[in-house]
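J.:
Residue numbers (my numbering): 1 to 471.
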């Protein structure tokens, strides 16, 4: 499971992770606890002279009712509350914060985590994830009982405003001339119907074919994360398609994106990042390129080739948000499929990124695979990548493993020329590849990442790495 799951719950039962508070429904995630977090948010906002807050929710079990409870508490504190009429993607909720000039936002979602989880994401007035300082301030106010009383809750519907914003960001002339096919798999999450709605809103001729478009709290039997093990259905469907047709897949709250190419092969987050970077630059846009420590070296090489400054952060989109708030960022992304782009809120947006991928196909006349192959040739780098997550017996075992890998050694024939320690420990293989060991901060899980010039080498290195850390 992802680091964000707060398995190290505090004695009060509530502990924020890297992107909000998440817990199992009816265990720690209860109406009482949601009300307590909402009260803490209200107190923080009022102390900051805040007046207006926006609340949204995803398609998980009872998410709308939990959102209503949070809204009631916020309203009882005298705040002007706008509650979504229906489920919304997280990036749409974040957009609503900026659009309504609100002082903050609340999104009831557990993003890509398993169906039994729900969560409480806090958004800053800038329309992105709360900074660590904001989260700490909210946590410090968790002790007060929720306020009761009447308060007005306004219905929220920003669908048209969000679609109009997307129009302003895209080359609509090119898109309107395109009559090809694109698939969209929302996995039953909050992205369901949102791309189809945009196509209808704009009158595009695109043949958009939806899978799992009916919201499902169980996400059709998979974890709502756009990675190969959860994409069996869409991969099977795409086997019968030909270029340039492709599919986009969103996670449970549609802030992340994955893709599948014609023929059924996965197009991973690193490849998506590289194609979007090259595409945005081709539109005349410039700025800093921000990536997390576990993201492909091809991004480094492409940024250098394009003459753009590169910033590498620890793993977690909050670090990218920090850079975006400074201004001057063209694109920022992470290995898990969360990507933010210039001209938008400092937030991941799986819907906008899906349309930008389509735009890149339309403007170049080339499939995603062809575009990425050209990038590889341009920078002189072949990309293959994979990751494994190992469940270890205890946090003490994790600490012992991390101590062991501090001293690198030749692995699967790869000579280690150096190490980096920004987030975990990364072994560097000459100019072409690396191996990263990183411990989860909330559970005894060791994540091992590898990039190399071919799949065979990646598999061999990961197999040897798994043996190396076995206790």
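Note that the Cβ used here is the ideal one computed from N, Cα and C, for glycine as well.
Closest by CA to residue 422, which one among 399, 435, 293 and 343?
T.: For the residues 399, 435, 293 and 343, the minimum Cα distance to residue 422 belongs to 293.
J.: Assign residue 80 to one of three DSSP states: helix, strand, or coil.
T.: If DSSP states are grouped into helix, strand and coil, residue 80 belongs with the strands.
J.: Out of curiosity, what's the CA-to-CA distance linking residue 312 and residue 342?
T.: Distance between the alpha carbons of residue 312 and residue 342: 17 Å.
J.: Only counting the same chain, and skipping five residues up and downstream in sequence, which positions put a Cβ closer than 7 Å to that of residue 302?
T.: Correct list, in chain order: 274, 277, 278, 375 and 379.
J.: Report yes or no: do the segment 140-159 and the segment 214-229 share at least 3 C-beta pairs separated by less than 8 Å?
T.: Flag = no, the segment 140-159 and the segment 214-229 do not touch.
J.: Let's see if you can read the secondary structure: which residues bound the alpha helix (DSSP H) around residue 473?
T.: What is shown of the chain runs 1 to 471, which leaves residue 473 out entirely.
J.: So which of 400, 245 and 316 has the shortest CA-CA distance to residue 179?
T.: The shortest Cα separation from residue 179 among 400, 245 and 316 belongs to 245.
J.: Classify residue 414 as helix, strand or coil using the three-state DSSP reduction.
T.: In this structure, residue 414 counts as strand in the three-state DSSP scheme.
J.: Rounded to whole angstroms, what's the CA-CA distance from residue 261 to residue 359? Just pull it up for me.
T.: Residue 261 and residue 359: Cα-Cα distance of roughly 15 Å.
J.: Contact between the segment 68-83 and the segment 161-168: three or more CB pairs below 8 Å?
T.: Segments in contact, no.
J.: Tell me whether the beta-carbon of residue 53 lies closer than 9 Å to the beta-carbon of residue 105.
T.: Contact: yes.
J.: Checking the sheet assignment: what are the DSSP bridge partners for residue 447?
T.: Bridge partners of residue 447: 389 and 438.
J.: Among the candidates 205, 98 and 184, whose CA atom is the shortest distance from the CA of residue 226?
T.: Checked all of 205, 98 and 184; the closest Cα to residue 226 is 184.
J.: Quick check for students: name the residue ranges of the beta strand (DSSP E) that lie wholly in the segment 203-259, counting only runs of 3 or more.
T.: Segments of the beta strand (DSSP E) lying fully in the segment 203-259: 207-211 and 246-250.
J.: Let me know the secondary structure DSSP gives residue 62 once reduced to three states.
T.: In this structure, residue 62 counts as coil in the three-state DSSP scheme.
J.: Helix, strand or coil for residue 150? Go by DSSP, reduced to three states.
T.: Here residue 150 sits in coil by DSSP.
J.: Assuming residue 304 is part of the alpha helix (DSSP H), what are its boundary residues?
T.: Start and end: 297-305.
J.: Using three-state DSSP, classify residue 168 as helix, strand or coil.
T.: Three-state result, residue 168: helix.
J.: Use the C-beta contact count for residue 11: other C-beta atoms within 10 angstroms, 16 or more gives buried, fewer gives exposed.
T.: Note that residue 11 scores 36 on pLDDT, short of 50, meaning its location in the model is unreliable and no value can be drawn from it.
J.: Would DSSP call residue 426 helix, strand or coil?
T.: Residue state, collapsed to three classes: strand.
J.: Could you name the residues of the same chain whose beta carbon sits closer than 6 Å to that of residue 388, not counting the 5 residues immediately before and after it, in chain order?
T.: Excluding sequence neighbours, residue 388 sits near 448 and 462.
J.: In whole angstroms, give me the CA-to-CA distance for residue 93 and residue 190.
T.: Taking the straight line from one Cα to the other gives about 11 Å.
J.: Can you give the Cα-Cα distance for residue 404 and residue 420, rounded to whole angstroms?
T.: So the two alpha carbons sit approximately 15 Å from each other.
J.: Going straight from the alpha carbon of residue 383 to that of residue 451, what length do you get?
T.: Rounded to whole angstroms, residue 383 to residue 451 spans 7 Å at the Cα level.
J.: Return the chain-ordered list of same chain residues with a C-beta closer than 8 Å to the C-beta of residue 134, the five sequence neighbours on each side being excluded.
T.: For residue 134, where only same-chain residues beyond five positions count, the Cβ hits under 8 Å are 44, 122 and 124.
J.: How big is the Cα-Cα spacing for residue 61 and residue 74?
T.: Residue 61 and residue 74: Cα-Cα distance of roughly 22 Å.
J.: Applying the criterion that 16 or more other CB atoms from any shown protein chain within 10 Å of the CB defines a buried residue, is residue 247 buried or exposed?
T.: Result: buried.
J.: Considering only the beta carbon of each residue, do residue 285 and residue 300 sit closer than 9 Å?
T.: Result no, Cβ atoms of residue 285 and residue 300 do not sit closer than 9 Å.
J.: Looking only at its chain, what residues have a beta carbon closer than 7 Å to the beta carbon of residue 228, apart from the 5 residues adjacent to it on each side?
T.: The answer, listed in chain order, is 266.
J.: Please report the residue range of the alpha helix (DSSP H) in which residue 355 lies.
T.: Taken as a continuous stretch (DSSP letters only), the alpha helix (DSSP H) holding residue 355 covers 350-364.
J.: Please name the residue in 108, 368, 307 and 326 whose C-alpha comes closest to that of residue 252.
T.: It is 108 whose Cα lies nearest to the Cα of residue 252.
J.: How would you label residue 470, buried or exposed, when you count the other beta carbons within 10 angstroms and need 16 or more for buried?
T.: Its Cβ having fewer than 16 others within 10 Å, residue 470 is exposed.
J.: From residue 28 to residue 399, what does the alpha carbon distance come to, in whole angstroms?
T.: If you take the alpha carbons of residue 28 and residue 399, they lie about 28 Å apart.
J.: Report yes or no: do the segment 311-326 and the segment 343-359 share at least 3 C-beta pairs separated by less than 8 Å?
T.: With the cut-off at 8 Å, the segment 311-326 and the segment 343-359 touch.
J.: If you follow the beta strand (DSSP E) that residue 318 is part of, which residue opens it and which one closes it?
T.: Taken as a continuous stretch (DSSP letters only), residue 318 belongs to no beta strand (DSSP E), being part of the alpha helix (DSSP H) at 317-326.
J.: Tell whether a beta-carbon distance below 9 Å holds between residue 338 and residue 317.
T.: Yes.
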